[in-house]
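**Student:** The sequence shown begins at 33 in the working numbering and counts up one residue at a time.
For every residue, glycine included, the Cβ atom is placed at its ideal position computed from N, Cα and C.
Structure in structure tokens, see below.
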Amino acid sequence: MDEQQFKRLKTVSAKSFNDQKALIKKVLAGRDMPCPQCGTMIRVVLPEDKKATGLYCAQGCTNIALDFVL
Ligand SMILES: [Zn+2]
């Protein structure tokens, strides 16, 4: 990988990280957000469910683990 490719990769992952953060914020605020990939609603698994905490869609393409330090 040359330096140019590396720079591009870094930009892309920073963008998707920000998209992900925005998505998490909206879902946690109680908004119904569809998965950007498959369009099914994203559900939140909270720590009291005693499962891996995170955001998941029905198809599994959205699979964001959350460390709950709220
Ligand atoms: Zn999905």
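Applying the 10 Å Cβ sphere with the 16-neighbour rule, what's the burial state of Val94?
**Tutor:** Note on residue identity: the sequence assigns Thr, not Val, to residue 94. So Thr94 counts as buried.
**Student:** In this structure, does DSSP put Ala54 in helix, strand or coil?
**Tutor:** Looking at Ala54 - three-state DSSP - the assignment turns out to be helix.
**Student:** Assign Cys67 to one of two classes, buried (16 or more other C-beta atoms within 10 Å of its C-beta) or exposed (fewer than that).
**Tutor:** By the neighbour-count rule (16 or more Cβ atoms within 10 Å), Cys67 is buried.
**Student:** Below 7 Å, is the gap between the Cβ of Gln91 and the nearest heavy atom of ligand 1?
**Tutor:** Gln91: yes, Cβ under 7 Å from ligand 1.
**Student:** Measuring alpha carbon to alpha carbon, tell me which residue in Val77, Ala90 and Glu35 is nearest Gly62.
**Tutor:** Closest by alpha carbon: Val77.
**Student:** Any heavy atom of ligand 1 inside 7 Å of the beta-carbon of Gln69?
**Tutor:** Yes, since a heavy atom of ligand 1 falls inside the 7 Å radius drawn around the Cβ of Gln69.
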